[in-house]
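Numbering (the UniProt record's numbering), first residue to last: 1 to 180.
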């Protein structure tokens with residue numbers, strides 16, 4: 001079944017069709033939320049809420065040239081924004097999120113350097129505004145085109161290109177400061 005056919009069936013109330021859409025998008029939505037929250041537990045919870053909300057409102061989805069995925073990302077964006085607003089600055093970090101299995105054959109010093117580089121990059125990314133974090137996730141993690149990112153973020157494609165350029169410059173400056 002094509003995505004359009006599956007989506008039409010889901011809008012008509014076909015639970016099997018919605019299940020197919022869920023399977024198609026659950027990983028992408030989870031990844032997006034995980035990168036925005038930094039917590040696998042919260043990402044699982046929020047991902048479930050995205051699809052619960054989508055299932056409850058799918059009859060209202062109107063295909064006006066906007067991809068179904070953009071609609072899901074918009075729901076996810078709103079839930080993540082609420083999550084950030086509702087949570088205090090102090091976050092609990094489960095121990096299992098910091099436990100890394102070594103890469104086979106990797107020397108402990110190499111693993112330490114790699115871990116420090118990743119943690120440094122994540123610290124720099126977390127300093128970005130939520131809007132810029134969202135852009136980086138959609139562009140580099142989800143590999144979405146600018147046109148779809150524009151729909152998800154509610155901006156023009158030109159505004160996305162400009163924001164992308166400014167974000168990369170800002171990241172470069174921050175990373176250069178860290179190297180000094």
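Beta carbons: idealized from backbone N, C-alpha and C, even for Gly.
Reference residue 20, options 51, 82 and 32, closest by Cα:
51
Decide if residue 165 is buried, meaning its Cβ has at least 16 other Cβ atoms within 10 Å, or exposed.
exposed
C-alpha distance - residue 178 paired with residue 124, whole-angstrom precision
9 Å
Coil, strand or helix - residue 96 by DSSP:
Annotation note: pLDDT 43 at residue 96 (below 50); position unreliable, no value reported.
Does the structure place the stretch 157-174 close enough to the stretch 75-83 that three or more beta carbon pairs sit under 8 Å?
no
So is residue 48 buried or exposed if we call it buried at 16+ other beta carbons inside 10 Å?
exposed
If you run the structure through DSSP and keep just helix, strand and coil, what is residue 155?
coil
Assess, as a yes-or-no matter, whether the stretch 21-30 is touched by the stretch 110-117 under the definition of 3 or more beta carbon pairs within less than 8 Å.
no
Limits of the alpha helix (DSSP H) - the one that residue 127 falls within
108-127
Can you give the beta carbon distance from residue 33 to residue 43, rounded, assuming they're within the 8 Å contact cut?
4 Å
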